[in-house]
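Step one of this worksheet: look at the structure below.
Protein chains: 2
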Amino acid sequence: MGALRLPSLSTIFTSSSSTRFSSRSSSVFRRSSRLPHLIRPLNSANFSAQSTVQKAATNEVGSSGQKSKNQDRVITPRSQDFNAWYLDVIANAELADYGPVRGTMVIRPYGYAIWEAIQDYLNVKFKETGHSNMYFPQFIPYSFIEKEASHVEGFSPELAVVTIGGGKELEEKLVVRPTSETIVNHMFTQWIHSYRDLPLMVNQWANVTRWEMRTKPFVRTLEFLWQEGHTAHATPEEAEKEALQMIDVYTKFAYEQTAIPVIAGRKSKVETFAGASRTYTIEAMMGDKKALQAGTSHNLGQNFSRAFDTQFMDENGERQHVWQTSWAVSTRFVGGIIMTHGDDAGLMLPPKIAPIQVVIVPIWKKDDEKTGVLEAAFTVKDILKSAGIRINLDDSDQRTPGWKFNFWEMKGVPLRIEIGPRDVSNGSVVISRRDIPGKQGKVFGISMEPSSLVAYVKDKLDEIQSSLLNRASTFRDSNIVDVGSYEELKDAINQGKWARGSWSASDKDELKVKEETGATLRCFPFEQPKDRQKTCFMTGNPAEEVALFAKSY
Amino acid sequence: MGALRLPSLSTIFTSSSSTRFSSRSSSVFRRSSRLPHLIRPLNSANFSAQSTVQKAATNEVGSSGQKSKNQDRVITPRSQDFNAWYLDVIANAELADYGPVRGTMVIRPYGYAIWEAIQDYLNVKFKETGHSNMYFPQFIPYSFIEKEASHVEGFSPELAVVTIGGGKELEEKLVVRPTSETIVNHMFTQWIHSYRDLPLMVNQWANVTRWEMRTKPFVRTLEFLWQEGHTAHATPEEAEKEALQMIDVYTKFAYEQTAIPVIAGRKSKVETFAGASRTYTIEAMMGDKKALQAGTSHNLGQNFSRAFDTQFMDENGERQHVWQTSWAVSTRFVGGIIMTHGDDAGLMLPPKIAPIQVVIVPIWKKDDEKTGVLEAAFTVKDILKSAGIRINLDDSDQRTPGWKFNFWEMKGVPLRIEIGPRDVSNGSVVISRRDIPGKQGKVFGISMEPSSLVAYVKDKLDEIQSSLLNRASTFRDSNIVDVGSYEELKDAINQGKWARGSWSASDKDELKVKEETGATLRCFPFEQPKDRQKTCFMTGNPAEEVALFAKSY
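Listed in order, the protein sequences are those of chains A and B.
Just so it is clear: in the first sequence, position 17 is 16 by numbering that gives the first Met the number 0, and no numbers are missing.
Just so it is clear: in the second sequence, position 263 is 262 by numbering that gives the first Met the number 0, and no numbers are missing.
Structural data, given as structure tokens:
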């Protein structure tokens, strides 16, 4: 039953593990510069697939039907090949494209608008919780990275290094930031003198670079966008409180804005951030049941302040090292949204972060119907726009209404309003929900009267937002298995599910689970089941809490 | 009359022309890692000055008096040493600090908040004019840079180059973007197929890197933040219209938001952007009369589309290269604001982009006065905050009111509200303007009654905004000299002024002016004087327009 589809993009993006450009970019390049009139070289077979999947970017975030090419391209069914589906959705919905350097990504307007919605929400929350935005340089002296022992161990294999500047070989190599703890501490050391300078709480929105071998758009790219918060405190209690506060901000964001029912918890020692004393995480279950680490908040203890000698004079006149945190979410979250809510028809966006919440598709057959229908459509557009609803009117006459229905469904727009000649004479519209396919999600005869229309649309958007969260929560809960033994864990993981069980075993046991099952310890959830087993399912020793295991991105 | 001051920071930031770190960073580094208990090495004399000038960053964008150290540090008078004054203001007002790598800059919360105000305004304007935000990767294959002949000539000396990724030498070196035309065109070539895909109008907010030898905070740094717009059109007329539209957006922004009376015009061929057919610019006169190029908009013609083979099928079915533009403003604008409006007392911010528009300083002598005064101060704060005014209440009891007056003046806050016991009993406040020093700018007995207070404050902020623009315009106009001969130009430039005169001479003549006077042709202003000379002041040949010459940053 699988739909026909073009060669997958996955091979292009993830197959090359060499450190140079994929042959794709160089061949495309060669073709355009030297062989403009020749047919494409054979080895660009994959690339031509890619380039034909590209559609025209447009000025509008949503892109109009009129401008799109390859409109009849089919998306691989999600159930058939989740990875191919994911890449098809990204290409067809014009969320992102491949950059010329292996593993890099161009974030296209529709994808970037989702990131902007994430930024808009979090930026306000960060300021409300007392943080200021600022900006640290991205070039970090190589020696800085080496100062914190576990930090260098964690990051040195992934570094991009600048060795030439202004045409000359540099004496000290510069690292393109993979994260900023080291340079932040270098500066904090200069700014912090006394307890009066604390807490110091800042954030930056920035690009970061990690030389990843296996990349996947949004989920893991060589360069990505994120925010990184950095704070310094006078006491360990304050730092711990801050780290917990920020994972809580992320959790609320995930639930309320993106309708992703993440599980918040503490990382095991093995999975703790390179340089942190404790890492908190939010773990999301994707549509293929794999886990996605969607955000982290680290209690750094005094690890960096000792390495960089970041000290303050306390109220008793004694010098102490500061206690720190750092926390981040990235463009990976966009990948999480796609993989949580999407279906065979494509993207499905939670209304709160959808760049377009409502699309209007006018329907006419005869030319004399057109004027009246379009007039009504523009009126409806204005009504909803004034009410603060993000709306698009697809008034192109190059595409059929049916084509437009599919197109905007694929783009994940939560609500569609249809207006035909009969609707115009009735003073009403037809409204369809993206999350309920076919006739079941379609309601006829909604009045065009402004106040009732606005109320109806807002109400439906709220309903869809809740419905997506409920659906994802049900899916998540039905795919977590409580396990009482290692065998049961193996069974659960083999079925592609998450395993939850009491755990107090060693790091070595944890690594054994990873090796033998492919699953990692995602977190010790904050919310612990009441009726849990009191002994570790691995060792039989007493255990204080359950851990979650899953395969992950 | 010059105030005493600590060693200037200028030597540290601009003196080193080596490509490695300044000895400063390595010595600071060494000190903290290996010699924690020894006194500072001699060669860190400059650096200790720097580190003591640093004040504590705080969570609030404005920083409170309570937290600041070195509060009595004096700013070099502007008239005495403009460059030292500039660096002192940046350090004291906590706008920025030096990064560990030579020529890099940390943008601190108060400085970053000004950049955020710039972003907030322009981002809306870009979207209103039909552009979408997106993101291109910062790593560009070295070969891309070489494709457009004048582009490579302009940028290759300034490149930072990544040669190592993931621990391995890269086969093709990667350039850290100095600007994105090349990678943008690489992508546009894949997205643009037909005239229906045009115009394609995008923008990105990003960091860029140029390996500059002579750096200065905000004005010219190794890495800086900017926005870069990139568009593609079907006709040269459309591209020209777009390039002009965007320089107009920048001009309005400069006048209306930053109170900088820029002169908009066209660059000469010599000064045109590397790869552009035509460059438009806005030129601002700083307080030392030097010109600052504050924003540019380029008509790229088909230069990049030919180099990258970016073609479209026109309505007649023929393939054509697209016509393009690019345009940018950067964090340099923050430097322009400082150098346009600041005075001996420090920063002076135009109300529309001031992170804090009003500061309240409560005044009490006896403890029994404190409660009433603070209560009134909080009430006033709430009133103004609800009216959308960006306000800060400095209620610290560690500093005297006089100290606070100086501190917030130095930070450039447009209005100060003083509330003492007598004001409380009168139900009134005292309001002082930053732009009018002393008693002249001070008005007593302004009613605390909410609606009248809000109206008064908003009115005053508007007045200050206009007043700053008028003052800067008068200053600018009184320092532009109309010249009728090369001798007159030399005189004007020698006096540190700008010279304006009819010009149709050769590139060679233009370079001669530069060599002999240090002045460059800033632009051919859009607004041409009506009574101008009809012949070139240099050659006596017929001349169509006047040009502006000035020394510049």
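Heads up, the beta-carbon is just placed ideally off N, CA and C, and yes, glycines get one too.
- Between the stretch 213 to 226 of chain A and the stretch 257 to 275 of chain A, the count of C-beta pairs closer than 8 angstroms stays below three; the two stretches do not touch.
- What A/H185 touches in chain B, judged by beta-carbon distance under 7 angstroms, is P99, going in chain order.
- The stretch 333 to 341 of chain B and the stretch 278 to 291 of chain B touch, with no fewer than 3 CB-CB distances between them shorter than 8 angstroms.
- B/A353 is the residue among B/M537, B/L224 and B/A353 whose C-alpha sits nearest the C-alpha of B/K410.
- Counting only the Cα atoms, B/A253 lies some 44 angstroms from A/M447.
- Within chain B, G164 and G165 have C-beta atoms less than 7 angstroms from the C-beta of A/W210, given in sequence order.
- For B/T103, the C-beta contacts it makes with chain A under 8 angstroms involve P136 and F138, in order along the chain.
- Distance between B/E241 and B/G129, taken at the CA atoms: about 11 angstroms.
- When A/V160, A/F135 and A/K126 are compared, the shortest CA-CA separation from A/S142 is found for A/V160.
- Not flagged as an interface residue toward chain B: A/W225, since no C-beta distance is shorter than 9 angstroms.
- Taken in chain order, the complete beta strand (DSSP E) segments of 3 residues or longer contained in the stretch 454 to 482 of chain A are 479 to 481.
- By the Cβ-count criterion, A/N469 is exposed, with fewer than 16 other Cβ atoms from all chains shown falling within 10 Å of its own Cβ.
- Take A/I430, set aside five residues on each side of it, and the residues of its chain with a beta-carbon closer than 8 angstroms to its own are L414, R415, I416, E417, K441, V442, I445, Y455, V456 and K459, in chain order.
- Counting along the chain, B/R331 sits inside the alpha helix (DSSP H) bounded by residues R331 to H340.
- In this structure, the CA atom of A/L94 is about 15 angstroms from the CA atom of B/F187.
- Shortest Cα-Cα distance from A/A258 to any of A/I355, A/I281, A/S465 and A/F523 involves A/S465.
- Here A/R277 is bridged, per DSSP, to A/N298.
- When DSSP states are grouped into helix, strand and coil, A/I113 belongs to the helix group.
- Within chain A, M133 have C-beta atoms less than 7 angstroms from the C-beta of B/R107, given in sequence order.
- Contacts with chain B (Cβ-Cβ distance below 8 angstroms) from the stretch 76 to 91 of chain A involve no residue at all.
- One Cα belongs to B/G98, the other to B/N405, and the distance between them is close to 28 angstroms.
- When DSSP states are grouped into helix, strand and coil, A/S155 belongs to the helix group.
- DSSP, reduced to helix, strand and coil, places B/D381 within a helical segment of the structure shown.
- B/M347 is positioned such that its CB atom lies no closer than 9 angstroms to that of B/F474.
- B/F443 has no beta-bridge partner at all, per DSSP.
- Just so you know, the alpha carbons of B/D381 and A/G110 end up roughly 39 angstroms apart.
- Nearest Cα to B/D481 within the set B/A471, B/W497, B/N493 and B/L467: B/W497.
- Against chain A, the CB of B/V175 has a partner CB under 9 angstroms away; the residue lies at that interface.
- Flagged as an interface residue toward chain B: A/W114, by a C-beta distance shorter than 9 angstroms.
- Between the stretch 377 to 394 of chain A and the stretch 139 to 158 of chain A, the count of Cβ pairs shorter than 8 angstroms is below three; the stretches do not touch.
- Closer than 9 angstroms at the C-beta level to chain B, one finds these residues of the stretch 143 to 159 of chain A: F143, K146, S155, P156, E157, L158 and A159.
- A/R432 sits in a strand when the DSSP states are folded into three classes.
- Counting only the Cα atoms, A/C522 lies some 15 angstroms from A/L488.
- Around the beta carbon of B/P156, fewer than 16 other beta carbons lie within 10 angstroms, which makes this residue exposed.
- Against chain A, the beta carbon of B/N206 has neighbours under 7 angstroms at Q137 and N206, listed in chain order.
- For A/F81, the enclosing alpha helix (DSSP H) stretches over residues F81 to N91.
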